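**Q** Please read through the structure below; I'll follow up with questions.
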Amino acid sequence: REHFAPPTLAMLSILSQSVALNAPLRPTPVQRAVSPQMADITAFGGIWGIEAKEAVFNAWDPEKPRDYSNFNPFERNLDGAMSDMNGCFPGESRGYKPPNRPDASWAIMQEEAKKMEEIKK
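Start counting the sequence shown at 1; every next residue gets the next number (the working numbering).
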């Protein structure tokens, strides 16, 4: 009987290892990507108008890296397009969202042009 003992131990060892390999593992927790914090323009009715742009511009810190909530809303890309309320430019980012724009008329555009001249100073 002692002659059969070592192979039996070897078989038990192999069996216990294969059972351990087939044991269900705990699923690793999935870390969800944090949604970017974007500029909050709810105080302006969600309208990306001159007032909302001024608020974002006043909160802009040019010393910090550019992100969804820290950008110059008056800058333009190489195509001359203005950014949306997230700081994304059309056609350059999957994050671009067409903004809700305010009503426009000749008089309103002239007032905004005056405000833009003041901002440029």
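Yeah, the Cβ is synthetic: ideal placement off N, Cα and C, and Gly gets one too. Remember, predicted model here, so these are calculated numbers, not experimental data.
Please classify Asn-86 as buried or exposed, where buried requires at least 16 neighbouring CB atoms within 10 angstroms.
**A** As a first step, residue 86 must be located in the sequence shown, where it is residue number 86. So Asn-86 counts as buried.
**Q** Does the beta carbon of Met-109 fall short of 7 Å from some heavy atom of the ligand NAD?
**A** Absent from the structure shown: the ligand NAD. Ligands present: none.
**Q** Using only the alpha-carbon positions, how far apart do Pro-73 and Glu-54 sit?
**A** Here the question's residue 73 lines up with position 73 in the sequence shown. Here the question's residue 54 lines up with position 54 in the sequence shown. When rounded, the distance between both Cα atoms is 8 Å.
**Q** For a quick check, are the C-beta atoms of Ile-41 and Ala-52 less than 8 Å apart?
**A** Position 41 of the sequence shown, counted from the first residue, corresponds to residue 41. Position 52 of the sequence shown, counted from the first residue, corresponds to residue 52. Contact: yes.
**Q** Taking 8 Å as the cut-off, decide whether the C-beta atoms of Asn-70 and Glu-92 are in contact.
**A** For the purposes of this step, residue 70 is identified with residue 70 of the sequence shown, where counting begins at 1. For the purposes of this step, residue 92 is identified with residue 92 of the sequence shown, where counting begins at 1. Not closer than 8 Å, so no.
**Q** Within the same chain, show all residues whose beta-carbon is closer than 6 Å to that of Ile-47, passing over the 5 residues directly before and after it, in chain order.
**A** Looking up residue 47 in the sequence shown gives position 47. Closer than 6 Å at Cβ, skipping near neighbours: Asn-100 and Pro-102.
**Q** Give the DSSP-derived three-state secondary structure of Met-82 in the structure shown.
**A** As a working mapping, residue 82 is identified with position 82 in the sequence shown. Three-state result, Met-82: strand.
**Q** Since Lys-120 contacts Ile-50 with CB under 8 Å, what's their CB separation in whole angstroms?
**A** Position 120 of the sequence shown holds residue 120. Position 50 of the sequence shown holds residue 50. The pair is not a contact, with the Cβ atoms about 13 Å apart (cut-off 8 Å).
**Q** Name, in chain order, the residues that DSSP records as bridge partners for Gln-47.
**A** Residue 47 sits at position 47 when you count from the first residue of the sequence shown. Gln is not the amino acid found at residue 47; the sequence shown has Ile there. Its beta-bridge partners are Asn-100.
**Q** With a CB to CB cut of under 6 Å and the five nearest residues on each side skipped, what residues in its chain are close to Ala-39?
**A** Mapped onto the sequence shown, residue 39 falls at position 39. Hits under 6 Å: Val-56, Ser-69 and Met-85.
**Q** Which residue from Gly-45, Arg-94, Ala-81 and Cys-88 puts its Cα closest to that of Asp-67?
**A** Here residue 67 is taken as the residue at index 67 of the sequence shown, counted from 1. Nearest option by C-alpha distance: Cys-88.
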